[in-house]
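Chains as they are written, first to last, in this note's numbering: chain A, 170 to 531; chain B, 287 to 369.
Cβ atoms here follow ideal geometry from the backbone N, Cα and C, with glycine treated the same way.
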Amino acid sequence: MHDIVNAAANFINLDIVNITYLFLVGFVGGLVSGFIGSGGAFVLTPGMMSLGVPGLVAVASNMCHKFPKALVGALKRAKYGQVDVKLGIVLGISAEAGVLYGAHIQESIKKTFGDAGSNLYVSVAFVAILGIVGTFVLRDAWKTYKSGSTHEEEKVTKIAKWVQSINIPGTMVYFKSLNARISVLFTIPLGFATGMLAATIAVGGFIGVPAMIYVLGAPSLMASATELVIAFVMGLGGSFKYAMSGLVDIRLAMVILGGSLFGIQLGAIGTTYVKPFMIKVVMGVIMVTVLFSRALMVPVYMSQLGLIGQLGDTTVKALKSTSFAIMIFALALGAFIVLKAMWQGRQAEKMAAQKAVSHGKV
Amino acid sequence: MGSGYGKKKPVGKMAIMGIVSIALYAAMLLNQDIINDYLGRGGLYAVLPIAIAFIFSFVHGSFTGDFWTVMGVEAAKKKKEVK
């Protein structure tokens, strides 16, 4: 009984201001997720915690809003023929294992080094992975833009060609997004890494989507749509695990879902108007911006662990709020690029339709 | 805004799903104490939040999808990207 009382005490009071805030953040997060397959969730955990929600409840509730959102997004993008369900499920299952292992590592770090140690680990993972992958994705998008080949079909990378050329009997599976048979032995570590990242920074897609594009050879649009299937599989398993411990605050999850379903539908529609390299632009821009947000927090945790000298209270406060502001900015910037690209795409379509009418083609 | 080329918009369906969605949210927010109590128990009660999430995603997902269609925001007509 005590446990029940304690668990219920984890759930904060919801007033109209909190509800509006969560709804709006949910909308923007959903918009980005619908477009790049993931990436809207990283702001929600700290966002909820800023309302006084305990860390684990925030993580659990975030996950419980993520899987229904990913489901709706995946169904929508499947209508546009962008989803490779088989690849999503195969990667999703190994991602689930990655989530469990990632959570286990988190727990042991927390036990050994305390909260500051675990926060430092999360921040360093953020900075390292977002730095490497984000820069790579952004550079690739920039190169495509500079070369003026934004209309052409995306080229399959050398690594992907090599992966597709390897034949390991008994493990080969055909995936329609790759239009090739590849060994599932390649998908397992990629899914696992996606899950581990999801357990660590709440966004597995920052590994999952680039991995599908650059290592397996999937087109950007299909990779980002298929990521929604992975997110659904991971989120469903993860939510159930947390719900078993009574940590899911369904009110928070559903209020965020209220906003994010408006967003995810819009983001999914947006993908039909843009050139595929825009997926990489949005993803890279968000990754590199968020990187700065987390990098600012590294000295805070290092000082808490006694690795560097003590920081003053004002400095810590300033770093914390700047870090959170940059995170919100990253998401808003991503949403802005999505909406702008969509608007331009719609205008171009309307002009083309008008032209067709005036030429008597319709 | 309309780009439906005379296609019928799902106004009725959107309205029904919208009302059901609002009713679900109202029911949830008006019964917070009971819901928190059950969900905080954990164990097999874990199926409850999962079931609730699926119901909301079906109803609210259908509503939000139709909402944008009614607003005139639809997917690009051409399969290929716009130049």
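Contact check, residue i vs residue j, beta carbons under 9 angstroms
i: S202(A); j: G436(A); result: yes
i: A141(A); j: M403(A); result: With chain A covering 170 to 531 only, the question about residue 141(A) has no answer from this structure.
i: G373(A); j: A400(A); result: yes
i: A464(A); j: V296(A); result: yes
i: V197(A); j: A412(A); result: no
i: G427(A); j: Y311(B); result: yes
i: G360(A); j: I262(A); result: yes
i: A368(A); j: V268(A); result: yes
i: R420(A); j: F180(A); result: yes
i: V450(A); j: Y270(A); result: no
i: S219(A); j: Y470(A); result: no
Within chain A, partners of residue i - CB distance below 9 angstroms
i: P296(B); result: By Cβ distance, chain A contributes nothing, its closest Cβ being about 13 angstroms from P296(B), past 9 angstroms.
Pairwise C-alpha distance: residue j and residue i
i: A266(A); j: S527(A); result: 57 angstroms
i: K324(A); j: F305(A); result: 15 angstroms
i: G432(A); j: V194(A); result: 10 angstroms
i: T483(A); j: T350(B); result: 44 angstroms
i: Q333(A); j: K294(B); result: 45 angstroms
i: G242(A); j: G514(A); result: 20 angstroms
i: G257(A); j: G250(A); result: 14 angstroms
i: R246(A); j: G475(A); result: 48 angstroms
i: I274(A); j: A309(B); result: 42 angstroms
i: W354(B); j: L390(A); result: 21 angstroms
i: M381(A); j: G478(A); result: 42 angstroms
i: S343(B); j: A239(A); result: 10 angstroms
i: G415(A); j: A362(A); result: 27 angstroms
i: V212(A); j: M232(A); result: 12 angstroms
i: I136(A); j: K524(A); result: Residue numbering for chain A in the displayed model covers 170 to 531; residue 136(A) lies beyond these limits and cannot be assessed.
i: K519(A); j: P445(A); result: 20 angstroms
i: V353(A); j: K248(A); result: 26 angstroms
i: N187(A); j: V302(A); result: 34 angstroms
i: T326(A); j: A310(A); result: 14 angstroms
i: D172(A); j: S318(A); result: Confidence at D172(A) is low in this model, with a pLDDT of 45, below 50, so its placement is unreliable and no value can be given for it.
Near the ligand SAH: residue i beta-carbon under 8 angstroms from a heavy atom
i: T326(A); result: Absent from the structure shown: the ligand SAH. Ligands present: none.
Cβ of residue i within 9 angstroms of any chain B Cβ
i: D253(A); result: no
i: E323(A); result: no
i: R463(A); result: no
i: D172(A); result: Low local confidence applies: a pLDDT of 45 at D172(A) is under 50, so the model's placement there is unreliable, with the coordinate-based value given in what follows. With 9 angstroms as the cut-off, D172(A) counts as an interface residue toward chain B.
i: G206(A); result: no
i: F505(A); result: no
i: V268(A); result: no
i: H234(A); result: yes
i: F295(A); result: no
i: Y442(A); result: yes
i: Y249(A); result: yes
i: P388(A); result: no
i: G364(A); result: no
i: A422(A); result: yes
i: G514(A); result: yes
i: G198(A); result: no
Min CB distance residue i to chain A below 9 angstroms
i: I302(B); result: no
i: V333(B); result: yes
i: M312(B); result: Going by the sequence as given, residue 312(B) is Ala instead of Met. Closer than 9 angstroms: no.
i: L325(B); result: yes
i: A309(B); result: no
i: E367(B); result: Bear in mind that a pLDDT of 43 at E367(B), under 50, signals an unreliable position, so the number given afterwards is only what the model happens to contain. Yes, contact with chain A.
7 angstroms Cβ cut-off: residues of chain A touching residue i
i: V356(B); result: Here the premise fails: no neighbours, minimum Cβ distance about 12 angstroms.
i: K363(B); result: E518
i: L316(B); result: Chain A residues near L316(B): none, gap ~11 angstroms exceeds 7 angstroms.
Whole-angstrom C-beta distance between residue j and residue i, which should lie under 8 angstroms
i: S472(A); j: S492(A); result: Not confirmed; about 14 angstroms, so no contact.
i: I376(A); j: L385(A); result: About 12 angstroms separates the two Cβ atoms, so there is no contact after all.
i: A361(B); j: T441(A); result: 4 angstroms
i: M300(B); j: D352(B); result: 4 angstroms
i: D332(B); j: F409(A); result: The sequence as given places Ala at residue 332(B); Asp does not occur at that position. Right, their Cβ atoms sit about 6 angstroms apart.
Chain A contact residues for residue i, given Cβ-Cβ distances below 8 angstroms
i: V306(B); result: Result: empty, since nearest Cβ-Cβ is about 13 angstroms, beyond 8 angstroms.
i: I321(B); result: I419 and R420
Per-residue contacts from residue i into chain B (C-beta, under 8 angstroms)
i: V245(A); result: The sequence as given places Lys at residue 245(A); Val does not occur at that position. Near K245(A) (Cβ distances below 8 angstroms), the residues of chain B are G351.
Proximal chain B residues relative to residue i, where beta-carbon distance stays under 9 angstroms
i: L435(A); result: T350, W354 and V359
i: G415(A); result: L325, G326, R327, G328, G329, Y331 and A332
Beta-carbon neighbours of residue i, restricted to chain B and to distances below 7 angstroms
i: L240(A); result: S343
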